[in-house]
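Below is one structure, written out as structure tokens; comments come after it.
Number of protein chains: 2
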Amino acid sequence: MKNEFWKALHCNVTEWMKEAGGILEQSFTDQLDVQYKTSYDDLVTNMDKQIEQFFIQRIHQHYPDHRIISEEGFGDDVTSSEGILWLIDPIDGTMNFVHQRRHFAISVGIYEDGVGRAGFIYDVIADDLYHCIKGQGAFLNQAKLPMLKDVKLNESLFSINATWVNKNRRIDPEIMQPIAKSCRGTRSYGSAAIELAYVASGTLDAYFTMRLAPWDYGAGLILIEEVGGKATRVDGSPIDLLNQNSLLVGKKGLQEEIVQHIKNEVSKGKFIQKAD
Amino acid sequence: MKNEFWKALHCNVTEWMKEAGGILEQSFTDQLDVQYKTSYDDLVTNMDKQIEQFFIQRIHQHYPDHRIISEEGFGDDVTSSEGILWLIDPIDGTMNFVHQRRHFAISVGIYEDGVGRAGFIYDVIADDLYHCIKGQGAFLNQAKLPMLKDVKLNESLFSINATWVNKNRRIDPEIMQPIAKSCRGTRSYGSAAIELAYVASGTLDAYFTMRLAPWDYGAGLILIEEVGGKATRVDGSPIDLLNQNSLLVGKKGLQEEIVQHIKNEVSKGKFIQKAD
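Line order of the protein sequences matches chains A and B.
So in our numbering, spot 32 of the first sequence is number 34, and the numbers just go up one at a time.
So in our numbering, spot 56 of the second sequence is number 58, and the numbers just go up one at a time.
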């Protein structure tokens, strides 16, 4: 696709993100319908579904030959990354949306034949739109984001939820405990899209999680690549765009140092869940 | 002191908070002078010192008989909580200020004979001012904050840094691991003042930390009390306003449930650091 195509798409998506954000802010005056999906900490609301439909309708109208993978399952049945593929999370951080009414984001990533071409993450309440077209720089609202400079582990802010240094079924907590202790500070915000946007903008130096779906990381990976960051599964293997993955993203040297640490610990026999 | 006195003080402090916030936002265009205090993760900047002086000058000018305890040590030598005492943190979350240029706050708590009378926490970049005069309700900007309603542990958002479920010298990590696992989600923002303000506003249900100084919690405790929340040391003992404390604040039943859990674990012989 030509530059003009991506430029026009960028305008469209920016407009849709802002409109959808407005709908979400408005919704706080109404009663939310909250349902549980797989477990008591896996929430979905009527607004997740409404915003997903909002995007799907517009994409099908403007780009009828594009395909969509989205969190609430109203998208298409996608089995390959050929052609143009949209990865959409209508509300990333639904628990924050329900409990906090802030710290949630709309995430839209667009891939062409498996290559990230445009990424958008909108932190609605902060009114921060992180966006890029591949090769043209990444932006936070109007401000161009600088390329990431490397940082030492002991001077880094590392986003890792307490879950991963606590007993859990995906990773031996002893693997990440020394990293969480050696960094300058750990943070956890409860929205992968915001945490990925924070890595892209240098607000965080790295982000670790054991399980994310394509709609969670689709946009974030494009933004992070655009500013020179690195993203792999936590064992250093490449991310599979169509499936659940563990994820370790960050400034390049720092990301590689943490991957190497994880590999060393795994080689000593410590447990880590393989990709699904 | 009479109502009128506190009303006028509220106006003064609100004005000073906004002015100081403006100075901090402006400072991002200058080069920060960052120094280390006790360790590589204990930072102070020229701006912490400048904002502290800003408040001390104004307080000494308007209220010459009040005393001040403040983080950078330019306040008074205070050994009792008699009279009117200001607890000031010019930048709470200095690490966030340096690394993130967001997620930091100015915290000002004012006590009369040991009783909290007025609390102010200003999340500068979000432009969120949490404030109260005792007995007149707490506010986030113009919106009155509702009294806190109780919540079950497994439906709660709990702010606890990964540090406290990891190896550390202040608490056996096994004490808080089951709580971090049983709550709906954990968060960590790196500014105690913001985390206390979030508890007061219901954005978080509880907040746990093993070490805070009076300037960190001075304002937050007043706000949380005003909306019916509960605050003690993590073992349930009362907070000493003039010293370092561990801190567990939250919605009343939830706070008491977590305290009881900690007491049970300690009675089984698990390690916890006593107050300094």
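Just so it is clear, CB atoms sit at the ideal spot from N, CA and C, and this is done for glycine as well.
message = Here's a check: name, in chain order, each residue in its chain whose Cβ is nearer than 7 angstroms to the Cβ of B/ARG186, leaving out the five neighbours to either side.
response = What you label residue 186 of chain B is simply residue 184 of the second sequence in a count that begins at 1. Excluding positions up to five away in sequence, the list reads ASN156, GLU157, SER158 and LEU159.
inquiry  = Since B/TRP217 and B/SER72 should fall inside the 8 angstroms C-beta cutoff, what is the C-beta to C-beta distance between them, to a whole number of angstroms?
reply    = Here residue 217 of chain B refers to the residue found at position 215 of the second sequence. Here residue 72 of chain B refers to the residue found at position 70 of the second sequence. Contact flag correct, Cβ pair sits at about 6 angstroms.
ask   = Who are the neighbours of A/LEU159 on chain B, taking C-beta pairs under 9 angstroms?
value = Your numbering for residue 159 of chain A matches position 157 in the first sequence. Per Cβ cutoff of 9 angstroms: MET97, ASN98, HIS101, GLN102 and GLY192.
task = Please list the segments of the alpha helix (DSSP H) lying wholly inside the region 19 to 68 of chain A, counting only runs of 4 or more residues, in order along the chain.
result = 48 to 64
key: Contact belief for A/ARG104 with B/THR205 at Cβ below 8 angstroms, rounded distance in angstroms   = Within the first sequence, the letter at position 102 stands for residue 104 of chain A. Within the second sequence, the letter at position 203 stands for residue 205 of chain B. Contact flag correct, Cβ pair sits at about 7 angstroms.
message = Less than 9 angstroms between the C-beta atoms of B/ILE260 and B/LEU250, yes or no?
response = For the purposes of this step, residue 260 of chain B is taken as residue 258 along the second sequence, with counting starting at 1. For the purposes of this step, residue 250 of chain B is taken as residue 248 along the second sequence, with counting starting at 1. Contact flag set, yes.
request  = List the DSSP bridge partners of A/ARG189.
outcome  = Stepping through the first sequence from its first residue, residue 189 of chain A is reached at position 187. Partner(s): A/SER161.
key: Contact set between B/ALA199 and chain A, taken where Cβ atoms lie within less than 8 angstroms   = Start at 1 with the first residue of the second sequence, and residue 199 of chain B comes out as number 197. Neighbours of B/ALA199 on chain A: none; closest Cβ ~12 angstroms, over 8 angstroms.
task = Enumerate, from N- to C-terminal direction, the unbroken alpha helix (DSSP H) stretches of 4 or more residues contained entirely within the region 196 to 244 of chain B.
result = 216 to 228
inquiry  = Could you give the first and the last residue of the continuous alpha helix (DSSP H) run that contains A/SER82?
reply    = Along the first sequence, one-based indexing puts residue 82 of chain A at 80. Looking at the DSSP string, A/SER82 is not in any alpha helix (DSSP H), and its letter there is neither H nor E.
query = Which bits of chain B does A/ALA182 rub up against, with CB to CB less than 7 angstroms?
reply = Counted from its first residue, the first sequence places residue 182 of chain A at position 180. Correct list: ALA164 and ASN168.
inquiry  = So, at 8 angstroms on beta carbons, what are the nonlocal neighbours of B/LYS169 in its own chain, with the 5 sequence-adjacent residues on each side left out?
reply    = Here residue 169 of chain B corresponds to residue number 167 of the second sequence, with the count starting at 1. Excluding sequence neighbours, B/LYS169 sits near PRO175.
query = Is DSSP giving A/ILE177 helix, strand or coil here?
reply = Taking the first sequence and counting its residues from 1, the one referred to as residue 177 of chain A is at position 175. Of the three classes helix, strand and coil, the one that applies to A/ILE177 here is helix, per DSSP.
ask   = Would you report the Cα separation of A/GLN246 and A/GLN275, rounded to the nearest angstrom?
value = As a working mapping, residue 246 of chain A is identified with position 244 in the first sequence. As a working mapping, residue 275 of chain A is identified with position 273 in the first sequence. Taking the straight line from one Cα to the other gives about 12 angstroms.
inquiry  = Does B/GLU114 come out as helix, strand or coil in the three-state DSSP assignment?
reply    = In the second sequence, residue 114 of chain B corresponds to position 112, counting from 1. Three-state DSSP puts B/GLU114 in a strand.
inquiry  = Between which residues of its own chain and A/SER29 is the CB-CB distance below 6 angstroms, once the five residues before and five after are set aside?
reply    = Walking along the first sequence from the start, residue 29 of chain A turns up at place 27. So the qualifying residues of the chain are MET49.
task = Mind checking which residues open and close the alpha helix (DSSP H) that includes B/GLY255?
result = Here residue 255 of chain B refers to the residue found at position 253 of the second sequence. Counting along the chain, the alpha helix (DSSP H) containing B/GLY255 begins and ends at 254 to 269.
ask   = Are B/ALA128 and B/TRP8 close, meaning C-beta to C-beta below 9 angstroms?
value = Counting from 1 along the second sequence, the entry for residue 128 of chain B is found at position 126. Counting from 1 along the second sequence, the entry for residue 8 of chain B is found at position 6. For B/ALA128 and B/TRP8, no; Cβs fall outside 9 angstroms.
inquiry  = Using a 10 Å radius around the Cβ and a threshold of 16 neighbouring Cβ atoms, would you call A/TYR38 buried or exposed?
reply    = For the purposes of this step, residue 38 of chain A is taken as residue 36 along the first sequence, with counting starting at 1. Exposed is the call here.
key: Three-state class that DSSP yields for A/HIS12 in the structure shown   = By 1-based counting over the first sequence, the position of residue 12 of chain A is 10. Helix, per DSSP.
message = Here's a check: name, in chain order, each residue in its chain whose Cβ is nearer than 6 angstroms to the Cβ of B/ALA199, leaving out the five neighbours to either side.
response = As a first step, residue 199 of chain B is located in the second sequence; it is residue number 197 there, counting from the start. Closer than 6 angstroms at the Cβ level, and outside the excluded window around B/ALA199, lie ILE123 and TYR132.
request  = Go ahead and pull the three-state DSSP assignment for B/ALA194.
outcome  = Numbered from its first residue, the second sequence carries residue 194 of chain B at position 192. If DSSP states are grouped into helix, strand and coil, B/ALA194 belongs with the helices.
query = Grouping DSSP H, G and I as helix and E and B as strand, with all else coil, what is A/THR7?
reply = Counted from its first residue, the first sequence places residue 7 of chain A at position 5. Thr is not the amino acid found at residue 7 of chain A; the sequence shown has Phe there. Residue state, collapsed to three classes: helix.
key: Per-residue burial, A/THR188 [other beta carbons within 10 Å of its own, 16 or more giving buried]   = Translated into positions along the first sequence, residue 188 of chain A becomes position 186. The residue in question, A/THR188, is buried, as its Cβ has 16 or more Cβ neighbours within 10 Å.
query = What is the rounded straight-line gap between the Cα of A/VAL229 and the Cα of A/GLY24?
reply = Here residue 229 of chain A is taken as the residue at index 227 of the first sequence, counted from 1. Here residue 24 of chain A is taken as the residue at index 22 of the first sequence, counted from 1. Their Cα atoms are separated by approximately 28 angstroms.
task = Mind listing the chain B neighbours of A/GLN179? Cutoff is C-beta to C-beta under 7 angstroms, in chain order.
result = One-based indexing of the first sequence puts residue 179 of chain A at position 177. Simply ASN168 and LYS169.
ask   = Taking 9 angstroms as the CB-CB cut-off, is A/ALA195 touching chain B?
value = Numbered from 1 along the first sequence, position 193 holds the residue referred to as residue 195 of chain A. Not one chain B Cβ lies under 9 angstroms of A/ALA195.
request  = Determine the chain A residues that contact B/ARG189 at a beta-carbon separation under 7 angstroms, and present them in chain order.
outcome  = Numbered from its first residue, the second sequence carries residue 189 of chain B at position 187. Neighbours of B/ARG189 on chain A, chain order: SER190, TYR191 and GLY192.
message = Using C-beta distances below 8 angstroms, list every residue in its chain close to B/LYS154, excluding the 5 sequence neighbours before and after it, in chain order.
response = Within the second sequence, the letter at position 152 stands for residue 154 of chain B. Cβ neighbours of B/LYS154 beyond the five flanking positions: LEU256.
request  = Alpha carbon to alpha carbon, how far is B/GLY231 from B/LYS254? Give it in angstroms, no decimals.
outcome  = Taking the second sequence and counting its residues from 1, the one referred to as residue 254 of chain B is at position 252. Taking the second sequence and counting its residues from 1, the one referred to as residue 231 of chain B is at position 229. For B/LYS254 and B/GLY231, the distance between alpha carbons rounds to 5 angstroms.
ask   = Is the Cβ-Cβ distance between A/GLY85 and A/HIS68 less than 9 angstroms?
value = In the first sequence, the residue the question calls residue 85 of chain A occupies position 83. In the first sequence, the residue the question calls residue 68 of chain A occupies position 66. For A/GLY85 and A/HIS68, yes; Cβs fall inside 9 angstroms.
task = Return the chain-ordered list of same chain residues with a C-beta closer than 8 angstroms to the C-beta of B/ASP237, the five sequence neighbours on each side being excluded.
result = In the second sequence, counting from the first residue as 1, residue 237 of chain B sits at position 235. These residues qualify, in order along the chain: SER248, VAL261, ILE264, LYS265, VAL268 and ILE274.
ask   = When you compare each of B/PHE210, B/ILE53, B/ASP79 and B/PHE56 to B/ARG172 by their alpha carbons, which one comes out closest?
value = In the second sequence, the residue the question calls residue 172 of chain B occupies position 170. Of the candidates B/PHE210, B/ILE53, B/ASP79 and B/PHE56, the one whose C-alpha sits nearest the C-alpha of B/ARG172 is B/PHE210.
key: Three-way DSSP call (helix, strand, coil) for B/ASN247 in this model   = Along the second sequence, one-based indexing puts residue 247 of chain B at 245. Three-state result, B/ASN247: strand.
ask   = According to DSSP, what are the bridge partners of A/ASP130?
value = Mapped onto the first sequence, residue 130 of chain A falls at position 128. DSSP lists A/ASP125 as partners of A/ASP130.
message = According to DSSP, is A/LYS183 part of a helix, a strand, or is it coil?
response = Within the first sequence, the letter at position 181 stands for residue 183 of chain A. In this structure, A/LYS183 counts as helix in the three-state DSSP scheme.
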